[in-house]
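Novice: Quick one: the structure is below, and I'll ask about it shortly.
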Amino acid sequence: FIYLKASDSRPGNAKRDVITDFDGKADRIDLSKVDANSRKKGLQRFTFIGARRFSGRPGELRYAKGLLQGNLNRDRRPEFEIKVIVKHGKLTKKRLKLK
């Protein structure tokens with residue numbers, strides 16, 4: 001599953017992408033081309049923080065309750081969101097391509 005920009009999957013039921021058959025042993029989610037910090041020039045990478053809440057640092061990526069969310073600025077709210085339905089295994093940092 002490859003994403004190129006944050007606008008590929010926005011927050012909210014009607015705007016977010018849904019992966020319905022994620023295999024935690026074989027599939028990967030590629031976010032390496034998504035700019036994780038809208039406040040800086042160039043391509044910034046996400047920092048995976050697990051299920052923790054956003055701290056307000058741009059570029060944080062979290063996974064909780066089936067939602068993979070990215071915060072691109074300092075507002076502690078996601079600007080990028082994917083609903084992930086895992087069919088086998090689980091979604092871990094190893095299944096994310098961030099750089």
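Read in order, the letters of the sequence shown are residues 1 to 99 in this note's numbering. Idealized CB from N, CA, C, for every residue including glycine.
The beta strand (DSSP E) that contains A51, what's its start and end?
Specialist: First-last for A51: undefined, no H or E at that position.
Novice: Smallest Cα separation from K90: which of G50, R39, N13?
Specialist: G50
Novice: Bridge partners of Q44, per DSSP?
Specialist: DSSP output for Q44 lists no bridge partner at all.
Novice: Along the chain, where does the beta strand (DSSP E) that runs through D17 open and close?
Specialist: Per DSSP, D17 is one residue of the beta strand (DSSP E) stretching across 17-23.
Novice: Would you kindly report the start and end of the unbroken beta strand (DSSP E) that includes V34?
Specialist: Element bounds for V34: n/a, residue is neither H nor E.
Novice: In angstroms, rounded to a whole number, what distance separates the CA positions of V86 and G42?
Specialist: Between the alpha carbons of V86 and G42 lies a distance of about 32 Å.
Novice: For Q69, collect the residues of the same chain with a Cβ closer than 6 Å to its Cβ; drop the 5 residues on either side in sequence, then sort them by chain order.
Specialist: R62, P78, E81
Novice: Please tell me whether K97 and S9 are closer than 8 Å, where the distance is taken between their beta carbons.
Specialist: Against a cut-off of 8 Å, the Cβ pair of S9 and K97 comes out as no contact.
Novice: Going by DSSP, what residues sit across from A64 in a beta bridge?
Specialist: L67
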